[in-house]
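Here is the structure we will look at.
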Amino acid sequence: MQGTFEESVSLFQLLEKGGITMAILGVLFIFAMYILANRVLTIRKAKKDPTALLEKVKAQVLKGDIETAKKYCARDTTPMGKMLETGLKHISSNLNTIEKSIENVAKIELYKLEKNVGMVGMISGAAPMIGFFGTVIGMINAFIAISQEEGSVSPKLLSSGIYEAMITTAGGLAVGIFAYVSYNFLVRQIEDVVHKMEVVTIDFIELLQSPN
Numbered sequence: 003m004q005g006t007f008e009e010s011v012s013l014f015q016l017l018e019k020g021g022i023t024m025a026i027l028g029v030l031f032i033f034a035m036y037i038l039a040n041r042v043l044t045i046r047k048a049k050k051d052p053t054a055l056l057e058k059v060k061a062q063v064l065k066g067d068i069e070t071a072k073k074y075c076a077r078d079t080t081p082m083g084k085m086l087e088t089g090l091k092h093i094s095s096n097l098n099t100i101e102k103s104i105e106n107v108a109k110i111e112l113y114k115l116e117k118n119v120g121m122v123g124m125i126s127g128a129a130p131m132i133g134f135f136g137t138v139i140g141m142i143n144a145f146i147a148i149s150q151e152e153g154s155v156s157p158k159l160l161s162s163g164i165y166e167a168m169i170t171t172a173g174g175l176a177v178g179i180f181a182y183v184s185y186n187f188l189v190r191q192i193e194d195v196v197h198k199m200e201v202v203t204i205d206f207i208e209l210l211q212s213p214n
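As structure tokens, this is what we get:
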């Protein structure tokens, strides 16, 4: 237990030696984690299977009960539900107008899904650069300290200055890798939602084109 405690303290002290650069990387890491958690929850709600809703809407449209179909869509909070509801509101218009209205809603819903995702991508590129910048500054400070030493420089002083400087590079890479993986994961999840949105749009337009 004592060894574990000492190791944890040593790790904290090690990170502390990274100075302001490590503090910046810490903020970026927390920000990336927050965006990831927030987007995962939002996308999970949006990924709800639209099959059941689409079948209900089809049944009501074929019966000519558009108002009931609208109510089904209004109770659904997914992008697909909002798209179908918009299409039903313009059902008396021509197909081109209906498609345009659905497309506009889809763009708005996609924007909501992608909110702040680009920031995670930016962090994935910026974090390693910030870490490397911190290392360069640390190396400069280390060599300044070495140059101020009188007589021979001890290997301990030299190695201490270098490893302390390299901490920020490791921190930047760690944050960058996490953000990179998170960004690509979110992009893939959003693509799945977009695919479902496209399928719903096609099925709805085909429903309107089919003879009653």
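When we follow my numbering, the leftmost residue of the sequence shown carries the number 3, and every step to the right adds one. The C-beta atom is built at its ideal place from N, Cα and C for all residues, glycine as well.
- A distance below 7 Å between beta-carbons, with the five flanking residues on each side excluded, links Val-107 to the following residues of its chain, in chain order: Lys-84, Met-85, Thr-88.
- For Lys-114, the three-state secondary structure derived from DSSP is helix.
- Only buried fits Ser-184, as 16 or more other CB atoms lie within 10 angstroms of its CB.
- Annotation for Phe-206: Leu-86, Gly-89 place their beta carbon closer than 7 Å to its own, counting only its chain and skipping 5 residues before and after.
- Apart from the 5 residues on each side of it in sequence, Ile-125 sits with its Cβ closer than 6 Å to the Cβ of Leu-30, Ala-34, Ala-181 in its chain, given in chain order.
- Of the residues Cys-75, Val-196, Ile-179, the one whose Cα lies closest to the Cα of Gly-123 is Ile-179.
- As the crow flies, the alpha-carbon of Lys-50 is around 18 Å from that of Ala-39.
- Each residue's CA atom was taken as its position, placing Leu-97 and Ile-104 some 11 Å apart.
- The Cβ-Cβ distance between Leu-27 and Val-138 does not fall below 8 Å.
- Between Thr-171 and Leu-115, the gap from beta carbon to beta carbon reaches 8 Å or more.
- Measuring C-alpha to C-alpha distances from Val-201 to each of Ile-22, Ile-37, Leu-56 identifies Leu-56 as the nearest.
- If you draw a straight line from the Cα of Ile-148 to the Cα of Ala-167, it comes to about 14 Å.
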